[in-house]
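A short write-up of the structure that comes next.
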Ligand SMILES: Cc1ncc(COP(=O)(O)O)c(C=O)c1O
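Residue numbers (the numbering used here): 149 to 483.
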């Protein structure tokens, strides 16, 4: 007699989310978007968020496959703290052109409207592609990031010490969407299992929270810089800690970047230069000129904080655009 409940799970389809491994996330994204089954008609329209960067060394990550495959991109607006502007997204979807919608969980912070976005993409019959290039550890903490869209994209080399700084993964919620895709680096899968993802997520949270508290207490806050994300949600594991350096142009930010990297601190600016399509969007172009990201990864420990904050303060003390006596740098601090 067959058992009503067997002693162990036997349903091969239960909670199955097959993953394909590549040299980089963009390679996996390209493999997905090259599948004819993704597109409903002749046109190949893809909708992306309006904060996507480009650099001579690294290209443009998520945008490279769009260019390489000759897709037709559209963009939806984000708020100044990089959350999806839902009315803007809805307006774009109402154009009824898009077969694929990309949502980026920037710097590992879960896009909190992801459930609502899924309802909208379902209503329009569009495929929701979650970009978790910065968010593998956020996914590991069990929240909605990477569990809401149809397909999820991960950049392993951004989160783990991968061989030759390579590694990307694409995970499918519906195995039937794997049509002609071919993974190129199946052996990379073990690097995920060989690291304590939740342990790393907790370390990143601890670093983010402790550094945020130190930065919040600095007298330069509000005059020379602003925190972008003062709070961290319990199910978010940050990739980096973004702040805005104040100043009319990009000079102050570029100065902090150069000075701190000279001191040996791996600051980055994601993204310091936007792809051409986005340069005329004032809010996003402004963010690109002012953003800088502190490292909070798993190699950073509490003993590193004083030197990191000290280097930041030294850099702020020698900004090219100095604050007026007693006043703030007039500027573009968000409300
Ligand atoms: C948001 C985002 N998505 C995707 C990518 C692509 O990642 P990879 O370098 O693994 O191709 C990047 C990085 O360039 C990124 O920042």
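Backbone N, C-alpha and C fix where the C-beta goes; we use that ideal spot for every residue, glycine too.
As the structure is a computational prediction, the values presented were derived from the model and not from experiment.
Buried or exposed by the 16-neighbour rule on C-beta atoms within 10 Å, applied to residue i
i	result
residue 277	buried
residue 482	Low local confidence applies: a pLDDT of 44 at residue 482 is under 50, so the model's placement there is unreliable, with the coordinate-based value given in what follows. Classification for residue 482: exposed.
residue 387	buried
residue 401	buried
residue 351	buried
residue 462	exposed
residue 157	exposed
residue 417	buried
residue 297	buried
residue 163	exposed
residue 360	buried
residue 251	buried
residue 267	exposed
Proximity test, residue i beta-carbon vs ligand 1 heavy atom, cut-off 7 angstroms
i	result
residue 272	no
residue 348	no
residue 316	yes
residue 279	yes
residue 299	no
residue 305	yes
Inter-residue Cα distance where the pair is residue i and residue j
i	j	result
residue 322	residue 183	15 angstroms
residue 314	residue 396	37 angstroms
residue 465	residue 368	9 angstroms
residue 479	residue 169	Note that residue 479 scores a pLDDT of 48, beneath 50, so its modelled location is shaky and nothing firm can be said.
residue 472	residue 375	For residue 472, the pLDDT reaches just 42, beneath the cut-off of 50, and the residue's location in the model is therefore unreliable, although a value from the coordinates is still provided. Approximately 21 angstroms, taken between the alpha carbons.
residue 193	residue 219	6 angstroms
residue 358	residue 371	21 angstroms
residue 430	residue 342	43 angstroms
residue 447	residue 214	34 angstroms
residue 334	residue 295	22 angstroms
8 angstroms Cβ shell around residue i - same chain, five flanking residues per side excluded
i	result
residue 188	247 and 273
residue 427	433
residue 305	172, 313, 314, 315 and 316
Proximal residues to residue i (C-beta, below 7 angstroms), its chain only, five neighbours per side dropped
i	result
residue 216	178
Beta-carbon proximity list for residue i, same chain, < 6 angstroms, skipping 5 on both sides
i	result
residue 474	Low per-residue confidence applies at residue 474: pLDDT is 41, beneath 50, and the placement is therefore not dependable, though the value from the model is reported in the following sentence. Here the set comprises nothing.
residue 441	388, 390, 416 and 418
residue 393	373, 400, 401, 404, 438 and 440
residue 227	233
Three-state secondary structure assigned by DSSP to residue i
i	result
residue 291	coil
residue 444	coil
residue 467	coil
residue 397	coil
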